[in-house]
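In this note's numbering, the protein residues as written are 2 to 529.
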Amino acid sequence: MSSLRFEELSINDEIMRAIVDMGFNEPSPIQASAIPVALEGKDIIGQAQTGTGKTASFGIPLLQKIDPELKKLQAIVLCPTRELAIQVADEFRKMAKYLHGIKTLPIYGGQDIVRQIKALKAGAQVVIGTPGRVMDHMRRKTVKFNKIRTLVLDEADEMLNMGFREDIEEILTKIPEERQTLLFSATMPKAILELAREYQQDPEVIKVIKKELTVRKIEQYYYEVESHNKVEAISRLLDKYTPKLSLVFCNTKKQVDDLSEALKDRGYFAEGLHGDLKQMQRDRVMHAFRNGSTQILVATDVAARGIDVDDVEAVFNYDVPQDDEYYVHRIGRTGRAGRTGRAFTLVVGRDIYKLKEIMKYCKTKIEKASLPTNSEVSKLKIKKLLVNANETAINNDMRDIYESIDEWVQDNDIDYRELVASLIKMNMGDTSEQEDINSSTKYYDKNNKKMVRLFINVGRSQNVKPKDILGAIAGESGIPGKAVGSIDMFDKYTFVDVPSKYAKNVLRSMRKTKIKGKNINIETANKK
Ligand code: ADP
Ligand code: MG
């Protein structure tokens, strides 16, 4: 760790005052290392994790170099997304609070270009923008590069991931060569080093990487699942571990949308976060996550940059990350401040090779685990309900309720245990229709149709015949009788095979059905 203080970094008084206002007491390690080097005018390749204060590392020296008398563009910061451009511009505005005559300007797509052009003409000295929009202005010749002396590539890895390489290179070639080029990134893939070799001069490499790439306090598990079972899988894990706050990472925006919708449909307090949302929506989502009214935040890697929430109890990799280092960044969001965290990764098919590579790279062991079964999850839910009930019992006077219960139990043919059990069942909703994805009850029949084996608690001894079962299933669920597979009858129960795609439908419609006048129970047959 650095022992340097801000006062020892040759920062001018105006900026010092501003960062004190911002509540910065001590420089972060990347700031302590990068600021003096940048102030000397050298090029820098800076690598440090998200949230380590990279913005001020380049922002302070950049602002300090601006000539307030010269009303021309003197510095450009390129950021991958509109949100990050706004965030960086906000930080710049705060740092430049006491610097008179310095104008900073965020420019990004979706904003009125005419206003941007006016602001550029008015003599903004610092532009913070996305490569696309900067290119736009370059082509329109509404931005002049001839006085630029500092160029920053912020979150360079993300910009390359987003396919901005050509734009960046075109911009770089149009900026005077006598300039300082600062490149900051959370990860350092090869492409960045190539870019650095091409466009920087003798850069100083400054890396602040936490010694332990993965923190020991994080329990890490992976689950091999089929892609159509991922939502069910994550739901079970959420139900089993009930993390207060969790972050779920997906590789694409579309996946973020789909998953957050699917989780909401299942009754979870989930929201999605990605770059296509309006700033206002993002603020709303982040606010809800911070105050706990949203418990599950589903996000892309880029959107999650800059999210700084301390008590995330679990991180889910809904998709295995494309980049080894991303895994570290993702799971580093949990297990903070001495708490224990958990990281769960869903693995589909060949993802396992990627995950093995990640384990090797991170020198970490991610344990293979199996998903909790439906019955395990419901047992946990029941236990939780009972614990809550216990607390309610301790904290409330419920004598008047006892009276009603006693009366009811006396007058009706029901005992206390039955009564409690039904109340629990009502409280939990019926989960029996969920397919058990750990079970091996699914198989392919000779026509290569995916079938599911169901269990019904009536059999020969109740004088039930296979045709009764067939009739009930076809009649209640409306699936064609010939779609029903084999029916194996035993004395007290029966196994029926139905096509997998109808299974839920059958389970749901048969729930309240009677066969030969008997109430039945139907569920997926468990392998155990
Ligand atoms: P990065 O770009 O590395 O992800 P940021 O520059 O966005 O990180 O900084 C993360 C947060 O930390 C911001 O809210 C910023 O204001 C704050 N911050 C940065 N430097 C310091 C410091 N020296 N002391 C206190 N807070 C800081
Ligand atoms: Mg940053």
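Where a beta carbon is used, it is the ideal one built from N, C-alpha and C, also for glycine.
Mapping the DSSP letters down to three states, classify residue i as helix, strand or coil.
i, result
"Arg454", "strand"
"Tyr224", "strand"
"Phe93", "helix"
"Ala49", "strand"
"Asn318", "strand"
"Leu5", "coil"
"Pro247", "As written in the sequence, residue 247 is Ser, which differs from the Pro given in the question. Three-state result, Ser247: strand."
"Gly130", "strand"
"Val310", "coil"
"Ser405", "helix"
"Gly342", "strand"
"Val78", "strand"
"Glu167", "helix"
"Gly29", "Here the sequence assigns Ser to residue 29, which means Gly is not the residue at that position. Of the three classes helix, strand and coil, the one that applies to Ser29 here is coil, per DSSP."
"Pro548", "Because residue 548 is not part of the residues shown, which for the chain are 2 to 529, the question remains open."
"Thr56", "helix"
"Thr295", "coil"
"Gly472", "helix"
"Val348", "strand"
"Thr174", "helix"
"Thr105", "strand"
"Val143", "Note on identity: in this sequence residue 143 is Thr, with Val being the wrong assignment. Three-state DSSP puts Thr143 in coil, outside helix and strand."
"Thr393", "helix"
Would you kindly check if the distance between the Cβ of residue j and the Cβ of residue i is under 8 Å?
i, j, result
"Tyr269", "Ala315", "no"
"Thr301", "Val257", "yes"
"Asp473", "Thr525", "As written in the sequence, residue 473 is Ala, which differs from the Asp given in the question. Cβ distance not < 8 Å, so Ala473 and Thr525 don't count as in contact."
"Ile457", "Val497", "yes"
"Asp168", "Pro132", "yes"
"Ile516", "Ile488", "no"
"Val299", "Ala344", "no"
"Tyr319", "Lys231", "yes"
"Val310", "Arg291", "yes"
"Thr51", "Arg306", "yes"
"Val410", "Asp416", "yes"
"Gly47", "Ser29", "no"
"Met511", "Ser478", "yes"
"Ala39", "Ile45", "yes"
"Leu71", "Glu15", "no"
"Arg237", "Pro373", "yes"
"Ala125", "Lys104", "yes"
"Ile533", "Ile332", "Nothing about residue 533 can be read from this structure; the chain reaches only from 2 to 529."
Quickly, what does DSSP pair residue i with across the bridge? List them, please.
i, result
"Thr495", "Ile457 and Met490"
"Asn520", "Lys515"
"Ala300", "Phe250 and Leu274"
"Thr182", "Leu152"
"Lys208", "Gln48"
"Glu368", "Tyr222"
Contact defined as beta carbons within less than 8 Å: I believe residue i pairs with residue j. What is the distance between those atoms, to the nearest angstrom?
i, j, result
"Ala192", "Met96", "Ala192 to Met96, Cβ: 30 Å. No contact."
"Lys145", "Leu74", "6 Å"
"Val321", "Thr346", "6 Å"
Margin query: With three or more beta-carbon pairs closer than 8 Å as the criterion, would you say the stretch 117 to 129 touches the stretch 78 to 89?
Written below: yes
Margin query: Within 8 Å, do at least three Cβ pairs link the stretch 363 to 370 to the stretch 217 to 236?
Written below: yes
Notebook entry, point to check: At a cut of 8 Å, does the stretch 142 to 160 reach the stretch 64 to 82 through at least three beta carbon pairs?
Noted result: yes
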